[in-house]
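First residue of the sequence shown: 2, per this note's numbering; consecutive thereafter. For every residue, glycine included, the Cβ atom is placed at its ideal position computed from N, Cα and C. A quick write-up on the structure given underneath.
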Amino acid sequence: MKVRDSGMPEENYWNSFFDVRRILQELELNALITDAAEIGTGYGTFTLAAASQIQGTLYGFDIEPEMIEHIRKKTSLAHIHNVIPECRDVLSETTGLPDASVDYVMLFNILHNENPETFLEESYRILNKGGKTGIIHWRSDIPTPRGPDLSIRPKPEEILTRIDPRKFNIVKSPFNLEPYHFGILLSKR
Numbered sequence: 002m003k004v005r006d007s008g009m010p011e012e013n014y015w016n017s018f019f020d021v022r023r024i025l026q027e028l029e030l031n032a033l034i035t036d037a038a039e040i041g042t043g044y045g046t047f048t049l050a051a052a053s054q055i056q057g058t059l060y061g062f063d064i065e066p067e068m069i070e071h072i073r074k075k076t077s078l079a080h081i082h083n084v085i086p087e088c089r090d091v092l093s094e095t096t097g098l099p100d101a102s103v104d105y106v107m108l109f110n111i112l113h114n115e116n117p118e119t120f121l122e123e124s125y126r127i128l129n130k131g132g133k134t135g136i137i138h139w140r141s142d143i144p145t146p147r148g149p150d151l152s153i154r155p156k157p158e159e160i161l162t163r164i165d166p167r168k169f170n171i172v173k174s175p176f177n178l179e180p181y182h183f184g185i186l187l188s189k190r
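What follows is the structure, given as structure tokens:
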């Protein structure tokens, strides 16, 4: 099931909305991470940078075959060999990764779907104990040039109410990722 209101603009325009290095740094995606999963890779805005930070494999999932092919081409051109892109409907099928198999899960601009708990549950399932989930999303308190309709954008407090405190610790409460996003960092209990 495709996430609602998730169309992508031209790639360079999309990429202009993010300070990728800063976002990854703020969300503690770094060389201490062995394996990671990115649910909803899109153009790979974060994929290649994250793959170059971690020690192991980055598993990238997207429902759009053209996005997966795009990631394959980008990683090949950049000589990045630790990305495994897969076209998969994670909402319906899960990632297919084994339980407790990654140290980090990226949920970037994807929790505006009808059932965000599905992604949070999958993140919990595939994370090792102590593993982290980084969340970013478009702010709903200011006008932004892109992003899903304001009526379906999750507010930070709405995301926090969906997080099961028996499963996750909140490492970093919602914080601004200027100019258009906020971030949340969780760790698996």
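Considering just the uninterrupted stretch of the beta strand (DSSP E) at residue i, what are its terminal residues?
{"i": "TYR105", "result": "103-109"}
Kindly list the residues whose CB is nearer than 7 Å to the CB of residue i, restricted to its own chain and excluding five residues on each side of it in sequence; keep chain order.
{"i": "ALA79", "result": "LEU49"}
{"i": "PHE18", "result": "ARG147, TYR181"}
{"i": "LEU178", "result": "ILE24, GLU27, ILE137, GLY184"}
{"i": "GLY43", "result": "MET9, ASP63, MET68"}
Taking residue i and residue j to be in contact with their CB atoms under 8 Å, please state how far apart those CB atoms are, rounded to whole angstroms.
{"i": "MET107", "j": "ILE40", "result": "7 Å"}
{"i": "LEU186", "j": "GLU67", "result": "Their Cβ separation, rounded to whole angstroms, is 31 Å, which puts LEU186 and GLU67 out of contact at 8 Å."}
Given that a residue counts as buried once 16 or more other Cβ atoms are within 10 Å of its Cβ, and exposed if not, what is residue i?
{"i": "TYR60", "result": "buried"}
{"i": "ARG5", "result": "Low local confidence applies: a pLDDT of 47 at ARG5 is under 50, so the model's placement there is unreliable, with the coordinate-based value given in what follows. ARG5 should be labelled exposed."}
{"i": "LEU33", "result": "exposed"}
{"i": "ASP90", "result": "exposed"}
{"i": "GLU11", "result": "exposed"}
{"i": "PRO99", "result": "exposed"}
{"i": "ARG167", "result": "exposed"}
{"i": "ASP165", "result": "exposed"}
Closer than 6 Å by C-beta to residue i: which residues in its own chain qualify, once you throw out the five before and the five after it? Chain order, please.
{"i": "ASN174", "result": "Sequence check: residue 174 is Ser here, not Asn. Answer for SER174: no residue qualifies."}
{"i": "ILE55", "result": "ILE34, ALA37"}
{"i": "LEU151", "result": "SER141"}
{"i": "PHE176", "result": "GLY184"}
{"i": "ALA101", "result": "ASN129"}
Short of 8 Å in beta carbon distance, which residues of its chain neighbour residue i, apart from the five on each side in sequence? Order them along the chain.
{"i": "SER188", "result": "GLY131, GLY132, LYS133, THR134, PHE169, ASN170, VAL172"}
{"i": "PHE120", "result": "ILE40, VAL91, LEU92, LEU108, ILE111, LEU112, ASN114"}
{"i": "VAL21", "result": "THR46, PHE47, ALA50"}
For the alpha helix (DSSP H) that contains residue i, what are its first and last residues?
{"i": "HIS71", "result": "66-78"}
{"i": "THR162", "result": "157-163"}
{"i": "PRO117", "result": "117-127"}
{"i": "ASN16", "result": "12-16"}
{"i": "LEU49", "result": "48-54"}
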